[in-house]
Amino acid sequence: MHTTALKIADKPAKNAARILIGSKDTNWEKQGFAAASAKLIKVELDKKISPVMVVDDGAYNFVFAESTENSYANNEKWRKVGAKAQVAASQYKLDSVTLVNATDNKDALTHVVEGFVLANYKFDKYKTLPQSSSTVKELVLLKGSIAEKTLKEIEHLTDATLIARDLVNEPLSHLTAEMLSEEITKMGKEAGFSVEVLNKSKIKSLKMGGLIAVNLGSPNPPTFNILEYKPKKAINKNPIILVGKGVVYDTGGLSLKPTPNSMDQMKCDMGGAASVAGAFYAAAKNELPIHIIGLIPATENRPGGNAYTPGDVIVMHSGLKVEVLNTDAEGRMILADALSYAKKYKPELVIDLATLTGAAQRAIGSQGAVFMGNADDKVKKSLSDSGYAVYERLVEFPLWEEYDEMIVSDVADIKNVGGATGGATTAGMFLRRFTDYPWIHIDIAGPAFLEKTEAYRLKNGSGYGVRLLYDFLKKRI
Ligand code: BES
Ligand code: MN
Ligand code: ZN
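When we follow the numbering used here, the leftmost residue of the sequence shown carries the number 150, and every step to the right adds one.
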């Protein structure tokens, strides 16, 4: 991870490289440009050149303009400006750039900072030689252009997102279930939330049959992680629970995924766990007055040794008996135990995040996630609004009763696969059986791991879900 140092300065340093954001009406002379340069900036901005680069008085200036009207879509444009500014600054190998807001919209600047910092990330810890395109060391903001508190908040939130990306990008060789638990424990110590790690024998004694079954084919033990952030001034009486799928690698198990392509990205199968841990980090660092509990079942899904097999009947934590017809539908097996364990907390709301189905990914690709659940419409609307606010957008899928038929088993209570169609929904119908509280399931299989960079959404682990959950939680206070 690379964190961008965010600083507030009284005025730009002499000859500082600057990023300027404005609109089509900005008077660029007022920003210190010579009349000729100001004129050129206007001409190029009108031609939609972005950024306009001007060397004035021996210093680089990268100038951007967008509409300053507040809207979800415009906020996203400012984040993309931030990403473009990061690309320009790193191409010119600038260590430090100063960000100047020539608009009268303070929020615009916050979004530019967010986009810049999220774009200024590299996962290069396994590169022996330094990389040619490096990251920018510091971003300087001018006093008065942003409140210190706002800057801290955005810093903590982007840190949380980048930590989540790191976790997703770590391969199994360096991130087994136990190592994931250690990382989450470290995050808790740093941010101020507690982490209890249950080991295999504890998991067995709790009768988490799903988690134990999925782990059977793996040489490494599972863990079950309980995160808790309980501030003194919490506004909620009953906790909000966040559940994250922590499959540190998914081979499919005995129902082995076909190689080469379908397994290549499967280190991302703990993306839900990473988002939940990241959301805890952001909430605790920013001291949100909300009591939250996190549940993260973690294991590999492998075909070795004693691996669970198609046809097996598994007695789950809830007591429900599940016929396994495909060992690659492992996410729902471990999530089911976490969802059933969540009942004891009498939660106000449970949200689970999981890279659960290829069906969700095929349905909407990587531009958003699929969600479903039995929470009331107000909660769903609030979550969906957060999706637009942070541009981690959501689409609701149905959980109609009629789909239940698709998971009826010949021999047990239910089976762990549906039919050839409606795969995201049948996975949801399966999870629903283990809930008795308001609940929302978010299938992040599409956006958790990206094939190519788009602005500040960089290739590989995306950290999707951290900003979404944070925004959703913050709105409740
Ligand atoms: N981890 C996968 C889902 C996935 C697919 C995540 C693509 C990220 C990108 C999950 O465990 C899985 O294998 N699901 C199966 C379920 C099926 C066997 C019912 C799937 O979607 O094919
Ligand atoms: Mn699978
Ligand atoms: Zn999986």
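Heads up, the beta-carbon is just placed ideally off N, CA and C, and yes, glycines get one too.
Cβ neighbour criterion (16 or more within 10 Å) applied to residue i
i	result
Met202	exposed
Ala222	exposed
His323	exposed
Pro371	buried
Arg228	buried
Ser354	exposed
Ala485	buried
Trp177	buried
Gln516	exposed
Ile626	exposed
Asp159	exposed
Val289	buried
Tyr540	buried
Arg606	buried
Ser611	buried
Leu278	exposed
Thr570	exposed
Thr504	buried
Cβ distance (whole Å) where residue i is taken to contact residue j below 8 Å
i	j	result
Ala214	Thr175	7 Å
Val249	Arg167	5 Å
Thr554	Ile389	Correcting the residue type first, residue 554 is Glu in the shown sequence and not Thr. Contact flag wrong, Cβ pair sits at about 32 Å.
Ile589	Tyr613	15 Å between Cβ atoms; not a contact.
His133	Gly359	There is simply no residue 133 to check, as the chain begins at 150 and stops at 626 in what is shown.
Ala383	Met419	Actually they do not touch by this definition, with Cβ atoms about 28 Å apart.
Ser424	Leu502	5 Å
Thr310	Arg616	6 Å
Val285	Val246	6 Å
Lys226	Ser199	Incorrect: roughly 10 Å between the Cβ atoms, too far for contact.
Thr575	Ile556	6 Å
Ile591	Ile500	7 Å
Asn369	Ala426	Not really, about 19 Å apart at Cβ, beyond 8 Å.
Thr507	Gly443	According to the sequence shown, residue 507 is Gly rather than Thr. So it is not a contact: roughly 26 Å between Cβ atoms.
Leu437	Lys623	6 Å
Ser330	Gly337	With 8 Å as the limit, Ser330 and Gly337 do not qualify as a contact, their Cβ atoms being about 10 Å apart.
Ile170	Val230	6 Å
Own chain partners of residue i with C-beta closer than 8 Å, once the 5 adjacent residues on each side are dropped
i	result
Lys179	Ala251
Val473	Ala362, Tyr457, Thr458, Pro459, Gly460, Asp461, Val462, Ile463, Met482, Lys564 and Asn565
Asp205	Gly181, Phe182, Ala183 and Ser186
Ala208	Asn164, Ala165, Ala166 and Arg167
Asn450	Val363, Gly366, Ser367, Val396, Tyr398, Asp399, Thr400, Gly401, Gly402, Asp418, Thr476, Asp477 and Glu479
Pro452	Gly366, Thr400, Gly401, Gly402, Leu403, Leu405 and Thr476
Backbone secondary structure at residue i - three-state DSSP
i	result
Asn385	coil
Val560	coil
Leu194	helix
Arg627	Missing from the structure shown is residue 627; the chain here goes from 150 to 626 and no further.
Ser283	coil
Glu302	helix
Tyr209	strand
Asn374	strand
Ser199	coil
Tyr552	helix
Asp501	strand
Ala597	coil
Met357	coil
Ile463	strand
His260	helix
Lys242	coil
Phe429	helix
Val236	helix
Asn475	coil
Ile589	strand
Lys416	helix
Contact test: residue i Cβ vs ligand 4 heavy atom, cutoff 7 Å
i	result
Gln510	Questions concerning ligand 4 fall outside what the structure shown contains, since the ligands it does hold are ligand 1, ligand 2 and ligand 3.
Beta-carbon proximity list for residue i, same chain, < 6 Å, skipping 5 on both sides
i	result
Met415	Tyr398 and Asp399
Gly514	Gly595
Ala268	Ala232, Gln235 and Tyr605
Val102	Nothing can be reported for residue 102, as the shown portion of the chain is limited to 150 through 626.
Ser558	Glu472 and Lys564
Leu532	Phe621
Same chain only: Cβ atoms within 7 Å of residue i, ignoring 5 sequence neighbours per side
i	result
Asn609	Phe272, Asn318, Phe598 and Leu599
Thr259	Ile295, Thr299 and Ile303
Glu332	Leu316
Ala431	His305, Leu306, Ala309, Val615 and Tyr619
Ile352	Leu360, Ile361, Pro371 and Phe373
Ala538	Tyr221 and Asp620
Ala193	For clarity, residue 193 is Glu in the given sequence; the question names Ala instead. Excluding sequence neighbours, Glu193 sits near Val201.
Chain B within 8 Å of residue i, Cβ atoms only
i	result
Gly293	Considering every chain present, this structure includes no chain B. It has just one protein chain.
Around ligand 3, which residues pass a check of Cβ closer than 5 Å to any of its heavy atoms?
-> Listed by chain position, these are Val396, Asp399, Asp418 and Gly480.
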